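Novice: Structure below; questions to follow.
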Amino acid sequence: MEMLSGAEMVIRSLQDQKIEYIYGYPGGSVLHIYDALAQQDQVKHILVRHEQAATHMADAYARASGKPGVVLVTSGPGATNAVTGIATAFMDSIPMVVLCGQVPSTLIGEDAFQETDMMGVSRPVVKHNFAIKHPSEIPSTIKKAFYIASSGRPGPVVIDIPKDMTTPTDKFEYNYPESVSLRSYSPATRGHSGQIKKAVELMLNARRPVILVGGGTVGGRASAEATELARTLNFPVTTTLMGLGGFPASDPQWLGWPGMHGTYEANTALHHSDLILSIGARFDDRVTNATEKFCPTAKIIHIDIDPSSISKTIAVDVPIVGPAKSVLLEMLALLAKSDKDIDADALTDWWSQINEWRKRHGGRYELNDANGLLKPQEVIEALYEITKGDAYICSDVGQHQMFAAQYYKFDKPNRWINSGGLGTMGFGFPAAMGVKLHYPDAEVVCVTGEGSFQMNLQELSTCSQYDIPVKIVCLNNQSLGMVRQWQDMNYESRHSQSYMKSLPDFHKLTSAYGHKAITVKTKEQLMPALEEAFALKDELVFLDIHIDPTEHVYPMLVPKASMRDMWLSKTERT
Amino acid sequence: MRHIIAVLLENEAGALSRVVGLFSQRNFNIETLTVAPTEDPTLSRLTVTTSGSDRVIEQITKQLNKLIEVVKLVDLTEGEHIEREMMLIKLKATGQHRDEVKRTVDIFRGQIVDVTSSIYTVQLTGDQDKLSAFISAIGEAYVLETVRTGVSGIARGDKILSI
Chain A
1 MEMLSGAEMV
11 IRSLQDQKIE
21 YIYGYPGGSV
31 LHIYDALAQQ
41 DQVKHILVRH
51 EQAATHMADA
61 YARASGKPGV
71 VLVTSGPGAT
81 NAVTGIATAF
91 MDSIPMVVLC
101 GQVPSTLIGE
111 DAFQETDMMG
121 VSRPVVKHNF
131 AIKHPSEIPS
141 TIKKAFYIAS
151 SGRPGPVVID
161 IPKDMTTPTD
171 KFEYNYPESV
181 SLRSYSPATR
191 GHSGQIKKAV
201 ELMLNARRPV
211 ILVGGGTVGG
221 RASAEATELA
231 RTLNFPVTTT
241 LMGLGGFPAS
251 DPQWLGWPGM
261 HGTYEANTAL
271 HHSDLILSIG
281 ARFDDRVTNA
291 TEKFCPTAKI
301 IHIDIDPSSI
311 SKTIAVDVPI
321 VGPAKSVLLE
331 MLALLAKSDK
341 DIDADALTDW
351 WSQINEWRKR
361 HGGRYELNDA
371 NGLLKPQEVI
381 EALYEITKGD
391 AYICSDVGQH
401 QMFAAQYYKF
411 DKPNRWINSG
421 GLGTMGFGFP
431 AAMGVKLHYP
441 DAEVVCVTGE
451 GSFQMNLQEL
461 STCSQYDIPV
471 KIVCLNNQSL
481 GMVRQWQDMN
491 YESRHSQSYM
501 KSLPDFHKLT
511 SAYGHKAITV
521 KTKEQLMPAL
531 EEAFALKDEL
541 VFLDIHIDPT
551 EHVYPMLVPK
561 ASMRDMWLSK
571 TERT
Chain B
1001 MRHIIAVLLE
1011 NEAGALSRVV
1021 GLFSQRNFNI
1031 ETLTVAPTED
1041 PTLSRLTVTT
1051 SGSDRVIEQI
1061 TKQLNKLIEV
1071 VKLVDLTEGE
1081 HIEREMMLIK
1091 LKATGQHRDE
1101 VKRTVDIFRG
1111 QIVDVTSSIY
1121 TVQLTGDQDK
1131 LSAFISAIGE
1141 AYVLETVRTG
1151 VSGIARGDKI
1161 LSI
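Taken in sequence, the protein lines are chains A and B.
Sequential numbering from 1 applies to the first sequence in the numbering used here.
Sequential numbering from 1001 applies to the second sequence in the numbering used here.
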């Protein structure tokens, strides 16, 4: 039997888990682990410039690949800096394992240097956390962490490792388990057949159905099955912000996305539907608007791996607890052998009604012919064109996020990477880095604003160190656009602290780190700048695109109202 | 409505804080909470009394079940069950009132477990209503100190909460 120190066990366990990259930052409590890391080259480490970025890199890698991302940080500030990223992953159900150093167990509780109760701090924002009590527990705990993080409803798992658990001279038997089981944890592996049958009957009898594809479809790798089901039944499909790409946006059955800045047709169709089939969408407040007015005539079938997501905000009629993929496959099998044929004409009226609704707003926006200021929407449309709709779009948070989600049409799952639940500004840039590192041949774009970007711009340095040539599309409106929009709408345009008065010269800033920047101020400059940027395959290019600061995101749900109550422009209401 | 939820929990450091944290994090209410190891040293049994609408109680049980260290749970109020709480209470017992306190303790089938010339310390077991009724029968003016254990509960009949 092999004898290893705790520090060596950490690294060996990661090797045995086939982890290629970890992201982190060294410090006192993890020095033994970093020393073990340096003595091998199978697990590669990316040194970020702030621990928050490490968590977003790991998170975005997980979103793109479906495999858990891994972070290594030191105790105290290293751990607390990671908390925002852990919470981001938690809210969006992203598998992640975060290894945190801790002061030696003999000092815990004594307010030692760089001591933080990371078990306590992280507890509300993790799926689970572990504290290592003996070095020999390290391999099995790491195995459990990966198992918990990536099974059931995925989520982040923290392992707190006191420094004396990794002492190089204390060696113990190493044995990485093939698999682990926990008596208190057994996520559902398939849905209840009776419920699935009931759901299929409702689907066959529906006259105004809508399929609601959520993040659970994308995360559960069930997009192909969801698409097949929708096409088999000819049902209209709306994909939530987290579910974008879960059904192809170019498919005529796609209505756009629902909720606060969703399309007129998606929101209106949901409101008038008689059946909603939710596939891993959790009816959060940004989708439902006022819950008591939500879709009054709809029966709801809700497929979710997490029972607590079902009937949490909206009471459902047919709950199905299970993985989206297996439940959908079972539904497809039932439909295939059903003696009741799918009535092709049953939805004719519904579709013609929906096609009428499509004409009402249709994603229109007004171009600035007079002053020549670019509109954010046309920038995203140009980005879609230049990348042929096939890029990984890693977004920050704010108006640019909504515009990117509205105007970049995702045909594939796992291509739209954004902080949907927590809404973390500063997410987009490190997220793009995490994706680009693993998919070096893919186009990876960070769509950001000058506000969000400045929350993690230090990572320009990491990109220089590891040659990570992401493209940064910064929609620069010199203000915190979404805050400003709300101030315009609700606070008589008092722009309290939403104006960015002294922006850096992004040329000088990015060139200080060895990167390139291109400024775009007019429509004529836009396409040539994008062409130039995307032709530079091996360079990080920052596109500082000046846009109209007065633009608002529409449609927008009217607060405390139903799904059909929307602002369609600054002056037009439903 | 008031519910009594019994939970089998891995007997591990930090498991209790997850349960307590969950209640505050999700704005659920805890009225009483008791916890102790079971005959199986790897398991603790926790009893929590809470109140809320059916939807809230459904969320509480689902969210508790989601905690990795929760092995099993049951809402005892869904069936026939026995509920007990113990109280230790120090009462002023002087002059002619001393006899009256003794009589009231007997009526409630309590026991005087410690005595001084002016104080009775009484041990009383029962459901929450009984303990509260005792305090009002004695009169709050005579109560010097109380400590209640919180509710423990178990199902009647052959229903068993075990793994």
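The beta carbon of each residue, even a glycine, is placed where N, CA and C say it ideally should be.
From a predicted model like this one, the values you see are computed outputs, not experimental measurements.
#1: The beta strand (DSSP E) spanning Asp117/A covers which residue range?
#2: Among the candidates Arg360/A, Ser496/A, Ser511/A, whose CA atom is the shortest distance from the CA of Arg573/A?
#3: For the segment 473–490 of chain A against the segment 540–553 of chain A, are there 3 or more C-beta pairs whose distance is under 8 Å?
#4: DSSP three-state call for Ile547/A: helix, strand or coil?
#5: Taking its Cβ as the centre, do 16 or more other Cβ atoms sit within 10 Å of Leu503/A, making it buried, or is it exposed?
#6: With a threshold of 16 other CB atoms inside 10 Å of the CB of Gln465/A, please say whether the residue is buried or exposed.
#7: Verify the CB distance criterion: does His128/A have a CB-CB separation below 8 Å to chain B?
#8: Can the beta-carbon of Thr1047/B be found less than 8 Å from the beta-carbon of Ala1006/B?
#9: Among residues of its own chain, excluding the 5 on either side of Lys1159/B, which ones have a beta-carbon nearer than 7 Å to its beta-carbon?
#10: Please classify Lys560/A: does DSSP put it in a helix, a strand, or coil?
#11: Less than 8 Å between C-beta atoms, sequence neighbours within five positions excluded: which residues of the same chain meet that for Pro177/A?
#12: In chain order, what residues of the same chain lie with their CB nearer than 7 Å to the CB of Ile19/A, ignoring the 5 residues before and after it?
#13: What does Lys197/A pair with, by DSSP beta-bridge criteria?
#14: Between which two residues does the alpha helix (DSSP H) containing Arg12/A stretch?
#15: Taking the CB atoms as reference points, tell me whether Gly246/A and Ser223/A lie closer together than 8 Å.
#16: Please compile the residues from chain A whose C-beta is within a distance smaller than 8 Å of the C-beta of Glu1078/B.
#17: May I ask you to list, following chain order, the residues of the segment 1010–1022 of chain B that have a beta carbon less than 8 Å from some beta carbon of chain A?
#18: Indicate whether the contact test is met: 3 or more Cβ pairs, each with one atom in the segment 320–335 of chain A and one in the segment 183–202 of chain A, closer than 8 Å.
#19: So the candidates are Val97/A, Lys312/A, Ile303/A, His515/A; which of them puts its Cα closest to the Cα of Thr576/A?
#20: Between the beta-carbon of Thr106/A and the beta-carbon of Thr80/A, is there less than 8 Å?
#21: Would you tell me roughly how many angstroms separate the C-alpha atoms of Ala324/A and Arg221/A, rounded to the nearest one?
#22: Does the segment 390–405 of chain A come close enough to the segment 430–450 of chain A that 3 or more CB-CB pairs lie under 8 Å?
#23: Extract the residue ranges of the beta strand (DSSP E) inside the segment 449–489 of chain A, only unbroken runs of 3 or more that lie entirely within it.
#24: I need the straight-line Cα distance from Ile386/A to Glu531/A, nearest angstrom please.
#25: Along chain A, in chain order, which residues have C-beta atoms closer than 8 Å to that of Val972/B?
#26: I think Arg49/A touches Ser493/A, with their Cβ atoms under 8 Å apart; what is that distance to the nearest whole Å?
#27: Nearest chain A C-beta to Ile1135/B closer than 8 Å, yes or no?
#28: For Val83/A, which three-state DSSP category applies?
#29: Return no unless some Cβ of chain A is closer than 8 Å to the Cβ of Glu1058/B.
#30: Using a beta-carbon distance cut-off of less than 7 Å, what residues from the segment 141–162 of chain A approach chain B?
#31: If distances are taken between C-alpha atoms only, which option among Ile1107/B, Gly1150/B, His1097/B comes closest to Val1143/B?
#32: Tell me, please, whether the CB atom of Ile1165/B is closer than 8 Å to any CB atom in chain A?
#33: What residue does the beta strand (DSSP E) around Arg207/A start on, and which one ends it?
Specialist: Inspection of the coordinates gives the following:
#1: Numbered from its first residue, the first sequence carries residue 117/A at position 117. Note, Asp117/A: premise wrong, no beta strand (DSSP E); not H, not E.
#2: As a position in the first sequence, residue 573/A is number 573, starting the count at 1. Nearest of Arg360/A, Ser496/A, Ser511/A to Arg573/A, Cα basis: Arg360/A.
#3: yes
#4: On the first sequence, position 547 is the one that residue 547/A refers to. Ile547/A: strand per DSSP, three-state reduction.
#5: Counted from its first residue, the first sequence places residue 503/A at position 503. Its Cβ having fewer than 16 others within 10 Å, Leu503/A is exposed.
#6: On the first sequence, position 465 is the one that residue 465/A refers to. When all chains shown are included, Gln465/A counts as exposed.
#7: On the first sequence, position 128 is the one that residue 128/A refers to. Judged by the 8 Å Cβ criterion, His128/A is in contact with chain B.
#8: Taking the second sequence and counting its residues from 1, the one referred to as residue 1047/B is at position 47. Taking the second sequence and counting its residues from 1, the one referred to as residue 1006/B is at position 6. Cβ distance < 8 Å, so Thr1047/B and Ala1006/B count as in contact.
#9: In the second sequence, residue 1159/B corresponds to position 159, counting from 1. Cβ within range, chain order: Gly1079.
#10: Taking the first sequence and counting its residues from 1, one reaches residue 560/A at position 560. Of the three classes helix, strand and coil, the one that applies to Lys560/A here is coil, per DSSP.
#11: Start at 1 with the first residue of the first sequence, and residue 177/A comes out as number 177. Closer than 8 Å at Cβ, skipping near neighbours: Pro139, Ser140, Lys143.
#12: Counting from 1 along the first sequence, the entry for residue 19/A is found at position 19. Result list for Ile19/A: Val43, Val70, in chain order.
#13: The residue you call residue 197/A lines up with position 197 of the first sequence. The partner list for Lys197/A (beta bridge, DSSP) is empty, contrary to what the question assumes.
#14: As a first step, residue 12/A is located in the first sequence; it is residue number 12 there, counting from the start. Arg12/A -> alpha helix (DSSP H) spans 6–16.
#15: By 1-based counting over the first sequence, the position of residue 246/A is 246. By 1-based counting over the first sequence, the position of residue 223/A is 223. In this structure, Ser223/A lies closer than 8 Å to Gly246/A by Cβ.
#16: As a position in the second sequence, residue 1078/B is number 78, starting the count at 1. Under the 8 Å cutoff, chain A gives no residues; its nearest Cβ is about 17 Å from Glu1078/B.
#17: Glu1010, Ala1013, Gly1014, Ser1017, Arg1018, Gly1021
#18: yes
#19: An answer regarding residue 576/A cannot be provided, because it is not within the stretch 1 to 574 covered by chain A.
#20: As a position in the first sequence, residue 106/A is number 106, starting the count at 1. As a position in the first sequence, residue 80/A is number 80, starting the count at 1. Not closer than 8 Å, so no.
#21: On the first sequence, position 324 is the one that residue 324/A refers to. On the first sequence, position 221 is the one that residue 221/A refers to. So the two alpha carbons sit approximately 8 Å from each other.
#22: yes
#23: 471–476
#24: What you label residue 386/A is simply residue 386 of the first sequence in a count that begins at 1. What you label residue 531/A is simply residue 531 of the first sequence in a count that begins at 1. Taking the straight line joining both Cα atoms gives about 7 Å.
#25: Nothing in the structure corresponds to residue 972/B, since chain B is present only between 1001 and 1163.
#26: The count along the first sequence starts at 1 and reaches residue 49/A at position 49. The count along the first sequence starts at 1 and reaches residue 493/A at position 493. With 8 Å as the limit, Arg49/A and Ser493/A do not qualify as a contact, their Cβ atoms being about 37 Å apart.
#27: To locate residue 1135/B, count along the second sequence from 1; it is residue 135. Not closer than 8 Å to any Cβ of chain A, the Cβ of Ile1135/B fails to qualify, so no.
#28: Locating residue 83/A in the first sequence gives position 83, counting from the first residue. Reduced to three states, the DSSP call for Val83/A is helix.
#29: Start at 1 with the first residue of the second sequence, and residue 1058/B comes out as number 58. At least one chain A Cβ lies under 8 Å of Glu1058/B.
#30: Ile148
#31: Translated into positions along the second sequence, residue 1143/B becomes position 143. Considering only alpha carbons, the answer is His1097/B.
#32: No statement about residue 1165/B is possible, as the shown extent of chain B runs from 1001 to 1163 and does not include it.
#33: Here residue 207/A corresponds to residue number 207 of the first sequence, with the count starting at 1. Where Arg207/A is concerned, there is no enclosing beta strand (DSSP E), given that its DSSP letter is neither H nor E.
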